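Heads up, the sequence shown is in my numbering, so the first residue is 427 and it goes up one at a time.
Backbone N, C-alpha and C fix where the C-beta goes; we use that ideal spot for every residue, glycine too.
Since this is a predicted model, take the numbers as computed values, not measurements.
Have a look at the structure below before the remarks.
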Amino acid sequence: MQVLLHTDCVIDILKKQNGPVLNLCREKRLQAWVLASAVPVLHAQLCQTMQDTLARKALVDFLQHVTLLPLTGVDIHSALADSDMEFLETLAVTAVKGFGLAGVVTSLPDGFKGTDIQTIKPDALADFITAAEKSVGKVPLLNIPATLPEILPEVERGMADVVRSGHFILGPKVVELEERIAEYCQTPFAVGVSSGTDALLMALMADDIQPGDEVITTPFTFFATAGSIARSGARAVMVDIDPTTFNIDPAKIEQAITPKTKAIMPVHLYGQCADMDPILEIAKKHKLTVIEDAAQAIGSEYKGRRAGSLGDFGCFSFFPTKNLGGFGDGGIVTTHSEALYEKLKILRNHGMEPKYYHKLIGGNFRIDALQAAVVTAKLGHLERWTASRRGHAGHYNRLFEENGLTQFVATPREIFPRHIYNQYIIRVKDGKRDALRKFLGEQNIITEIYYPVPLHLQECFAPLGYKPGDFPVSEQAAEETLALPIAPEITQQQQVVAKILEFFS
Ligand SMILES: Cc1ncc(COP(=O)(O)O)c(C=O)c1O
Numbered sequence: 427m428q429v430l431l432h433t434d435c436v437i438d439i440l441k442k443q444n445g446p447v448l449n450l451c452r453e454k455r456l457q458a459w460v461l462a463s464a465v466p467v468l469h470a471q472l473c474q475t476m477q478d479t480l481a482r483k484a485l486v487d488f489l490q491h492v493t494l495l496p497l498t499g500v501d502i503h504s505a506l507a508d509s510d511m512e513f514l515e516t517l518a519v520t521a522v523k524g525f526g527l528a529g530v531v532t533s534l535p536d537g538f539k540g541t542d543i544q545t546i547k548p549d550a551l552a553d554f555i556t557a558a559e560k561s562v563g564k565v566p567l568l569n570i571p572a573t574l575p576e577i578l579p580e581v582e583r584g585m586a587d588v589v590r591s592g593h594f595i596l597g598p599k600v601v602e603l604e605e606r607i608a609e610y611c612q613t614p615f616a617v618g619v620s621s622g623t624d625a626l627l628m629a630l631m632a633d634d635i636q637p638g639d640e641v642i643t644t645p646f647t648f649f650a651t652a653g654s655i656a657r658s659g660a661r662a663v664m665v666d667i668d669p670t671t672f673n674i675d676p677a678k679i680e681q682a683i684t685p686k687t688k689a690i691m692p693v694h695l696y697g698q699c700a701d702m703d704p705i706l707e708i709a710k711k712h713k714l715t716v717i718e719d720a721a722q723a724i725g726s727e728y729k730g731r732r733a734g735s736l737g738d739f740g741c742f743s744f745f746p747t748k749n750l751g752g753f754g755d756g757g758i759v760t761t762h763s764e765a766l767y768e769k770l771k772i773l774r775n776h777g778m779e780p781k782y783y784h785k786l787i788g789g790n791f792r793i794d795a796l797q798a799a800v801v802t803a804k805l806g807h808l809e810r811w812t813a814s815r816r817g818h819a820g821h822y823n824r825l826f827e828e829n830g831l832t833q834f835v836a837t838p839r840e841i842f843p844r845h846i847y848n849q850y851i852i853r854v855k856d857g858k859r860d861a862l863r864k865f866l867g868e869q870n871i872i873t874e875i876y877y878p879v880p881l882h883l884q885e886c887f888a889p890l891g892y893k894p895g896d897f898p899v900s901e902q903a904a905e906e907t908l909a910l911p912i913a914p915e916i917t918q919q920q921q922v923v924a925k926i927l928e929f930f931s
């Protein structure tokens, strides 16, 4: 739960008059924010009773347990113009509303009158938290702002650097991101791009895929996989999936190869790597390029090797719902080849090298520096978030077992550690998936279907000539799979599984 500590409450804490509030912050049952703009005020207040060095030390110690909440210049102007309420109170209301906080902790007897924000007295805070934890609230599939307290200080600094430098496209922040991701993915090179979709398209372009070529992929994936193949002019040749991992079945690839086949694009769906050794062997035998669609799989591993380091290209997405999501669109391509790296850099900028001389027909596939700053700031947290997701997946698995639910529901299996659980996918047996989803929705538990229609049956791919029944494993997965909430911050697995038990009882 996230609350704002109002200035009066912070002063009491700093003067050691409000231990319980600080203890709640320390115990991390509470994500507490303090207005960044209030810090000079706090410092000035403390200096009335102590030396400057002691006041600063008290503030530094205190700020370890809370997050500074930034307001914009416009927020401050508006608060100055609003004469109905005291200035700091107006700022606090702006913060609570703007960041969707649960309320503001304050002892002010008459504070915040005339607003609808929740005020909590410091000595009532522990009870407030307990009541909030007990109340059966909405369980979202994921809650992107929940990680803000952890990341905002670094993100803010990175974004401020970009804004102050005026260097918004490519530049040093993008180079920093590329170096950090290359290292993380165990490849020497990475090229930041505008999205995961463009990462795939650029890999195909860098591989000189032409109209008339064929690229083998899976029908059970997000549209962008086959969509990018079609946009390159090539034909997407589908191969059915393995029923356990939901990834392309290597045993079925060779029979799909023709003289026109140029590449294989396996997808590491939901965050678990496809079975890459046989795929790489087939590719080597038939001289095919391997383009990993690792959009959902940053940090995933296959036999000790990272996703994106296994094939010729690794394509990642920084879409906000991904494990490493930006504050907008973005993506990256990893590669071991210096020649491909150079080519990718040229392709992402209209094939231009040097300026205004175009060697190739590329596009505007550039990532912007603000996105790079956000993603770089978040990268340092990724391993912890991955560990947390893996822990949640294990917890779900145990709860399904303990409640005797595995006769109704198949839980995900980690065949190739490590699965990074971008999604936690159950398979609901006996045609009950849609009814279960409806029931959970009625209980305010949000789920999703990834994906309800396999790509070979999408209207736009009708010219490929596929028909129902061509890929039965994918078609069955589309009817049975259901994504449950799995984000790092989730605490309600018990509640989710209890409702699933209720449905099947
Ligand atoms: C498997 C897969 N491939 C490609 C993409 C495309 O990434 P983006 O949304 O960044 O373009 C996604 C994103 O959802 C994806 O899940």
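- Fewer than three Cβ pairs drawn from the segment 697 to 707 and the segment 779 to 797 lie within less than 8 Å of each other, which leaves the two stretches out of contact.
- By the beta-carbon neighbour count (other beta carbons within 10 angstroms, threshold 16), Val460 is buried.
- Every alpha helix (DSSP H) stretch that sits fully inside the segment 759 to 807 and reaches 4 residues is listed by chain position as 764 to 773 and 795 to 805.
- Note on His491: 16 or more other CB atoms within 10 angstroms of its CB, so buried under the neighbour-count rule.
- For Gly725, the closest of Ala733, Asp856 and Glu718 by C-alpha to C-alpha distance is Ala733.
- Close CB contacts of Ala484 within its chain, under the 8 Å cut and outside five residues either way in sequence, are with Leu440, Leu472 and Met476 (chain order).
- Counting only runs of 4+ residues, the alpha helix (DSSP H) found wholly inside the segment 659 to 743 occupies 702 to 712, in chain order.
- Proximity of the beta carbon of Gln884 to ligand 1 is not indicated: no heavy atom of the ligand is located closer than 6 Å.
- One Cα belongs to His762, the other to Cys611, and the distance between them is close to 11 Å.
- Taking the Cα positions, Cys886 is about 12 Å away from Val879.
- Annotated three-state conformation of Ala909 is strand, per DSSP.
- If you check the CB distance, Lys564 and Asp639 do not come in under 7 Å.
- Going by DSSP, Arg853 is part of the beta strand (DSSP E) stretching over Tyr850 to Val854.
- Distance check between Phe753 and each of Ile912, Leu796 and Ile787 places Leu796 closest, using alpha-carbon atoms only.
- When DSSP states are grouped into helix, strand and coil, Gln902 belongs to the helix group.
- Residue pairing by DSSP puts Ile642 in a beta bridge opposite Val663 and Ile690.
- The criterion of a C-beta distance shorter than 7 Å is satisfied by Ile635 and Ala660.
- Collapsing the DSSP output to three states places Phe615 in a strand.
- With a contact defined as Cβ atoms closer than 8 Å, Phe744 and Gly730 miss out at about 25 Å.
- Separation of Leu825 and Thr837 (C-alpha to C-alpha, rounded to the nearest whole angstrom) is 10 Å.
- Where Val588 is concerned, there is no enclosing beta strand (DSSP E), although the alpha helix (DSSP H) around it starts and stops at Leu574 to Ser591.
- Around the beta-carbon of Gln443, fewer than 16 other beta-carbon atoms lie within 10 Å, marking it exposed.
- Apart from sequence neighbours up to five positions away, the residues of its chain that approach Gln918 with a beta-carbon distance below 6 Å are Val565, ordered along the chain.
- Shown here for Glu604: same chain residues with a beta carbon closer than 6 Å to its own, the five before and five after excluded, namely Ala616 and Gly618 in chain order.
- With a cutoff of 7 Å on beta-carbon distance, Val854 and Leu862 are scored as near each other.
- Under the DSSP assignment, Gln919 falls in the alpha helix (DSSP H) whose first and last residues are Gln919 to Phe930.
- Setting aside the 5 residues that flank it on each side, Phe930 is surrounded in the same chain by Phe834, each with a C-beta closer than 6 Å to its C-beta; the list follows chain order.
- Judged by beta-carbon spacing, Ile667 lies beyond the 7 Å limit of Ile708, meaning their Cβ atoms are not closer than that value.
- Taking the Cα positions, Leu448 is about 47 Å away from Thr670.
- For Ala572, the closest of Leu831, Gln457, Ile674 and Ile555 by C-alpha to C-alpha distance is Gln457.
- Under DSSP, Trp459 takes part in a beta bridge, and its partners are Leu430 and Thr493.
- Here the C-alpha atom of Met511 lies approximately 14 Å from the C-alpha atom of Asp501.
- Under the 10 Å beta carbon count, Ala550 is surrounded by fewer than 16 other beta carbons and is classified as exposed.
- Residue state for Ala836 is assigned as strand, using DSSP reduced to three classes.
- With fewer than 16 other beta carbons inside 10 angstroms of its own, Gln474 counts as exposed.
- With respect to Thr493, Pro575 sits close: the two C-beta atoms are nearer than 7 Å.
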